[in-house]
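The opening position of the sequence shown corresponds to residue 1 in full-length UniProt numbering, with each subsequent residue numbered one higher.
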Amino acid sequence: MSLLVPRTDAPKPAIIYFPGGGFTSANHDKYIQMRMALAEAGFVVAAAEYRVVPDTFPAPVNDGKAAVRYLRQHAETYGIDPARIGVLGDSAGGWLVQMLGTTQGETAFDRGDFTDKSSDVQAVATLYGISDLLNIGEGYADEIQKVHQSPAVTEALLVHGPAFREFAGASIMDDTAKARHASPMGHLRNSKPPFLIMHGDKDSLVSPHQSAQLFDALRKAGEKVDYVVVKGAEHADLTWYQPEVIQEVVSWFTRELKPDTGVVADQSGRPNDNL
């Protein structure tokens with residue numbers, strides 16, 4: 001974990017960034033432009049790694065919740081208000097922060113240190129993230145959807161693990177209940193923190209349907225959710241580093257976690273807002 005800590009005396013809200021990497025890497029040095037912008041706006045900004053393939057679900061979720069608990073345990077040291085912790089992730093990191101938000105109250109995912117501290121978060125921002133491992137390629141050409149039926153594709157490796165000895169591997173569809181349990185869409189029963197969902201309309205790796213279906217489900221459940229479609233944006237391309245996109249995220253976290261700043265909170269989820 002790395003930390004950016006503004007030099008101010010008052011306790012500050014914190015944001016933990018979880019990087020993407022296709023479930024096979026989690027380089028926490030990424031997206032420094034976004035992290036610096038959040039720190040300049042007065043947030044303590046952590047960037048955390050998490051276990052990836054060949055480790056399997058729920059290891060990444062266990063690690064994400066442990067990172068939240070770590071900040072709460074050390075809140076005084078880092079000048080953090082423990083009642084105001086948000087999470088931000090892109091791609092596979094978006095899947096992880098969605099899981100952190102949707103599994104609040106499910107104590108089975110709390111493993112490791114500081115389990116006396118809460119792993120709840122107060123705001124979730126997900127960029128081109130995965131909400132359902134069973135239909136990542138929905139809306140794409142048949143040949144792409146067939147790729148997602150392979151035992152070698154990364155979502156299958158996350159859920160089932162790689163082929164080893166007597167285990168020949170399994171596709172994501174071989175155990176749909178297990179795959180749904182490893183998906184944010186499988187954890188929509190309890191109340192959720194506010195969500196910001198962003199996706200590029202030209203994404204050719206993770207279907208924009210992934211974000212649309214999560215938005216629809218949260219809105220129908222009466223949850224506080226904002227949905228922004230970034231026009232022309234591909235998966236993790238340079239569009240996501242542009243000032244307008246970064247400012248959208250910074251402003252949203254400011255509204256949700258720093259209400260004393262005078263920034264007006266949005267009223268009820270902006271469906272299909274565009275950047």
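C-beta: ideal position from N, C-alpha, C; glycine also. Remember, predicted model here, so these are calculated numbers, not experimental data.
Quick check: the Cα distance between residue i and residue j, rounded to an integer number of angstroms?
i: A46; j: D226; result: 23 Å
i: S119; j: G137; result: 31 Å
i: L275; j: H199; result: 10 Å
i: G169; j: K224; result: 39 Å
i: L205; j: Q145; result: 11 Å
i: S2; j: A177; result: 35 Å
i: D237; j: V250; result: 19 Å
i: T87; j: P208; result: Rather than Thr, the amino acid found at residue 87 in this sequence is Val. Their Cα atoms are separated by approximately 21 Å.
i: Y31; j: P151; result: 30 Å
i: G129; j: R7; result: 32 Å
i: E143; j: R84; result: 44 Å
i: A265; j: F23; result: Because A265 carries a pLDDT of 47, less than 50, the predicted location of this residue cannot be relied on, and the following value inherits that uncertainty. Approximately 34 Å, taken between the alpha carbons.
i: G222; j: P243; result: 31 Å
i: A37; j: G89; result: 15 Å
Give a yes or no on whether the C-beta atoms belonging to residue i and residue j are separated by under 8 Å.
i: L257; j: A67; result: no
i: K12; j: G101; result: no
i: G21; j: A125; result: no
i: E155; j: L127; result: no
i: H28; j: A41; result: no
i: L214; j: P184; result: yes
When we look at the beta-carbon of residue i and count the other beta-carbons within 10 Å, is it buried (16 or more) or exposed?
i: Y241; result: exposed
i: A14; result: buried
i: E248; result: buried
i: A108; result: exposed
i: R189; result: exposed
i: T77; result: exposed
i: I210; result: One point to set straight first is that residue 210 is Gln, not Ile, in the sequence displayed. By the 10 Å Cβ count, Q210 comes out buried.
i: P259; result: exposed
i: K220; result: exposed
Per DSSP, what kind of secondary structure is residue i in: helix, strand or coil?
i: V159; result: helix
i: S183; result: coil
i: I80; result: strand
i: A10; result: coil
i: I172; result: helix
i: V52; result: coil
i: V153; result: coil
i: A217; result: helix
i: A47; result: strand
i: Y17; result: strand
i: D273; result: strand
i: G64; result: helix
i: L4; result: strand
i: H199; result: strand
i: L134; result: coil
Spatial neighbours of residue i within its chain, please: CB distance less than 6 Å, with the 5 preceding and 5 following residues excluded, ordered by chain position.
i: P162; result: P54
i: D9; result: none
i: L196; result: A125, D226 and W252
i: R157; result: The question names Arg, but residue 157 is Leu in the sequence shown. Cβ within range, chain order: V53.
i: G186; result: R180
Leaving out five residues on either side along the sequence, give the residues of the same chain with a beta carbon under 7 Å from the beta carbon of residue i.
i: Y50; result: F18, A26, P60, D63, G64 and L96
i: E234; result: G200, K202, D203 and S204
i: F43; result: K12, P13, A14, I15 and F253
i: V245; result: V230, T239 and L275
Which residues in the same chain as residue i place their Cβ atom closer than 8 Å to its Cβ, once the five residues preceding and following it in sequence are excluded?
i: D116; result: none
i: D113; result: A66, R69, Y70 and Q73
i: Q149; result: S171, I172 and M173
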